[in-house]
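4 protein chains.
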Amino acid sequence: MIEPKSRGGRPRSEQAREAVLHAVDDLLLEVGYAALTMKGIAERAGVGRQTVYRWWSTKAEIIFEASVADAEEELTVPPARTPLAGISAYLEALVRFLTHSPAGIAYRTLLAAAQHDPAVAQLIASRDVLGASAQAVLDRTIPGLAAPDQVAARLIGPAFYWIMSGRDSTELDIRELAESFLQSVQVRA
Amino acid sequence: MIEPKSRGGRPRSEQAREAVLHAVDDLLLEVGYAALTMKGIAERAGVGRQTVYRWWSTKAEIIFEASVADAEEELTVPPARTPLAGISAYLEALVRFLTHSPAGIAYRTLLAAAQHDPAVAQLIASRDVLGASAQAVLDRTIPGLAAPDQVAARLIGPAFYWIMSGRDSTELDIRELAESFLQSVQVRA
Amino acid sequence: MIEPKSRGGRPRSEQAREAVLHAVDDLLLEVGYAALTMKGIAERAGVGRQTVYRWWSTKAEIIFEASVADAEEELTVPPARTPLAGISAYLEALVRFLTHSPAGIAYRTLLAAAQHDPAVAQLIASRDVLGASAQAVLDRTIPGLAAPDQVAARLIGPAFYWIMSGRDSTELDIRELAESFLQSVQVRA
Amino acid sequence: MIEPKSRGGRPRSEQAREAVLHAVDDLLLEVGYAALTMKGIAERAGVGRQTVYRWWSTKAEIIFEASVADAEEELTVPPARTPLAGISAYLEALVRFLTHSPAGIAYRTLLAAAQHDPAVAQLIASRDVLGASAQAVLDRTIPGLAAPDQVAARLIGPAFYWIMSGRDSTELDIRELAESFLQSVQVRA
DNA sequence: GCATAAGCGAGACGGTACGTCAGGTCTTACG
DNA sequence: CGTAAGACCTGACGTACCGTCTCGCTTATGC
């Protein structure tokens, strides 16, 4: 890819870019998605409103850029000695991500917005952090699966639904989830 | 329970109540949740703005009241001859509900809003249509389950995640989902 | 005059009428004319809103009915020994009325409203308390004046303007006003 | 006086300012003070509501700014050859102003509002167009008066009361008013 | 080394929805 | 049939944020 190679003009301020991303991180935790406004972001970042609009069209885009890197890191788990340990560790990470990580809260927020905003839906589809992380674990644990997408959904889905529907994550029996999943896979293999 | 028995005053207009609920039904499909405004609802319903605020605090409450009855009906499936047929039929109904039913689209919208609005979260928790419908099917198909909530999550979760993450519902292999679920239950029984 | 002789039904409640007039008296002092509302009057009087509208069209009418009797009484001064004493006493009463009497404040309020509301203008013209009171004093003091209306205006006007334009009434030299007025009348007689 | 010298930002739109003032001028004549709303002003001016509120707090402030310059001009009369001619000319101008000039109607409106709104009272006291115009005439006609404020009130008051109380201005004998005033001044001098 | 060009913070612009309030009308049950 | 209560529709209130614009200024490139 070739740089656009500007023919002069002041270059984009990296300082402003980071100030915006940090402002969004902070504000998302402080006031929540609904009360997050472009105006508020600009003021918190100490940046002109036009500067925000110049580089991002919507608040969803900013949240996405601010959280996707963290999300990928947090959902990466090291290889484990047994399938059960690997799957359990992944589910632990998934639950922790969705319930306690700022990036995970941002993800839930975006996924929520995607339900009624096609632009956001396309945005999160363009970098499917949850699916990709599950895929990585499955490839390592049970190579050569057919319909890997659907298997990943069977892995992620129960915990995902539990949390999205507002249930208490500490009452979730992750070990049982991991065992059921593995048995449903192995029996059919 | 005794009626509050008002001591005079004009009674609430049932006509206004229904006009508002229908207006929300219509507008939700036409313009979507984000562009759904209290002002717009009142105007579409031919009702005063104050009248809307008098009976509902937020648009989420109106959507909930407008869709919960439909939701319960659409998620009820008749008894089937075999467990596989019963589970499959339920999953079919679930997918159809979440993707094509106005009430289901309303439900996704509310669940999305609940991610960053505790009031909405409490509202949908107060009448858990998805969980209750799954529970009904499970009671009939595999009586005496331990941890029925978590089993319901294993039933609902995969399809739920598939759809919420924006994947194409026609590419979902429901038969395979039902078989995996039943085997994971039966093997462990 | 014949009573309308109602053909049955509950008669008008004198109690409700007085409650409304007292409520207006009180509220006018407490919150002022601008913040005086039909709704507020009804609630303060413990009376139905419809009952207020049934008997008075506007808040100006209620204020008028509530204050005109008091106004006439307060602007009546006893005969004095000399013209100067009579005129001075009248001007004292006028200033006190316009600045300190609830009825006088109500009058200023109505006169203000009359500037942009023909209905109110007609209402206060129908019972010209200020002009009538001045006329009474002039008839007694200097009988047989030509153009009594305009002379009354010369008597009332200076103090009236002083107060309406917001000047401090304690800085008004009433004695000087009375002397000037009498001299302007006598010289020309 | 130094300009506030803003440190950046789009400058105030003179076009918007004038559009608002003209809209108020027009609407005051068309619909009157009571039916004059901030919303209506903004719409008529083709201006955002916020823009109106940014520069003026109340409709009284707008009316004041829209009319004070006209008022001062209309109440200025050229020097006359005799005191009687000068005073008469001033009273003519005063009556014409209060009854036929848009600025004068605006002034009556403000003076009315001032009776129950201290903010408006202070506003019109801050630039006392009536008093100042009378003062100017008196200084020229009868220099060296004691208590010039009260003398001005004696000059303005009778005509002012006549008009404010709703009487017909064509029935006012201005020549007689002027003569009475001069005699009351000269006799005492 | 000076013109050109784009990015910057600030803040006013025309809009629109917010949630509240009062207006004036109506529909109840009660007396 | 008058009354108190209170729901009804209407529409203005003053505020917040939208996304755009216009300032003066800064910071690069390229002639």
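Protein chains in written order, with my numbering: chain A, 3 to 191; chain B, 3 to 191; chain C, 3 to 191; chain D, 3 to 191.
Glycine included, C-beta positions come from ideal geometry on N, C-alpha and C.
Contact annotation: in the segment 155–174 of chain C, residues whose CB is within less than 9 Å of a CB in chain D are A155, R156, L157, I158, G159, P160, A161, F162, Y163, W164, M166, S167, G168, R169, E173, L174.
Residue contact check for A121 of chain A against chain B: no CB pair falls below 8 Å. Cα atoms of T84 of chain A and V33 of chain A: separation of roughly 42 Å, rounded to the nearest angstrom. Separation of the CB atoms of Y163 of chain C and F183 of chain D is rounded to 13 Å, and the pair is thereby denied contact status at 8 Å. For H118 of chain C, a Cβ of chain D is located within less than 8 Å of the residue's own Cβ. Taken through DSSP and simplified to helix, strand or coil, V79 of chain A comes out as coil. The beta-carbon of Q185 of chain C is placed less than 8 Å from the nearest beta-carbon of chain D.
Contact between the segment 64–82 of chain D and the segment 122–135 of chain D is present, with at least three C-beta pairs closer than 8 Å. For Y92 of chain C, not one C-beta of chain D is nearer than 8 Å to its own C-beta.
The three-state secondary structure of L174 of chain B, taken from DSSP, is coil. In its chain, beyond the 5 residues on either side, A44 have a beta carbon closer than 6 Å to the beta carbon of R51 of chain B. Around the beta carbon of W58 of chain A, 16 or more other beta carbons sit within 10 angstroms, so the residue counts as buried. DSSP, read as helix, strand or coil, puts T84 of chain B in coil. Secondary structure at W164 of chain C: helix, using DSSP grouped into helix, strand and coil. Of all C-beta pairs linking the segment 171–188 of chain D to the segment 144–159 of chain C, three or more are shorter than 8 Å, placing the two stretches in contact. DSSP places P13 of chain D outside both helix and strand once states are collapsed to three, so it counts as coil. A direct Cα-Cα distance of roughly 10 Å separates T111 of chain D from F66 of chain D. Sequence-distant Cβ neighbours of D27 of chain A in its own chain, meaning closer than 7 Å and more than five residues away, are A68, P104. Residue range 104–116 is occupied by the alpha helix (DSSP H) that includes Y109 of chain D.
Under the 8 Å criterion on CB atoms, E32 of chain C is classed as non-interfacial with respect to chain D. With respect to chain C, the C-beta atom of G50 of chain D has no partner C-beta closer than 8 Å. Collapsing the DSSP output to three states places D28 of chain C in a helix.
The Cβ of L132 of chain A sits closer than 8 Å to at least one Cβ of chain B.
Each residue's CA atom was taken as its position, placing H24 of chain A and L31 of chain A some 11 Å apart. Excluding sequence positions up to five before and after A180 of chain D, its CB lies within less than 8 Å of the CB of L86, I89, S90, L93, all in the same chain and listed in chain order.
Judged by beta-carbon spacing, A121 of chain A lies within the 8 Å limit of T60 of chain A, meaning their Cβ atoms are closer than that value.
Shown here for Q137 of chain B: same chain residues with a beta carbon closer than 7 Å to its own, the five before and five after excluded, namely P150, A154 in chain order. Taking L38 of chain B as reference, the option from B:L77, B:I64, B:R19, B:E20 with the minimal CA-CA separation is B:I64. I165 of chain A is positioned such that its CB atom lies closer than 8 Å to that of V97 of chain A. When CB distances to chain C are screened at a threshold of 7 Å, the residues of the segment 98–113 of chain D falling below it are R110, T111, L113, in chain order. Remark: C-beta atoms of A21 of chain C and G42 of chain C do not approach each other more closely than 8 Å. Separation of T78 of chain B and S135 of chain B (C-alpha to C-alpha, rounded to the nearest whole angstrom) is 6 Å. DSSP, read as helix, strand or coil, puts R169 of chain C in coil.
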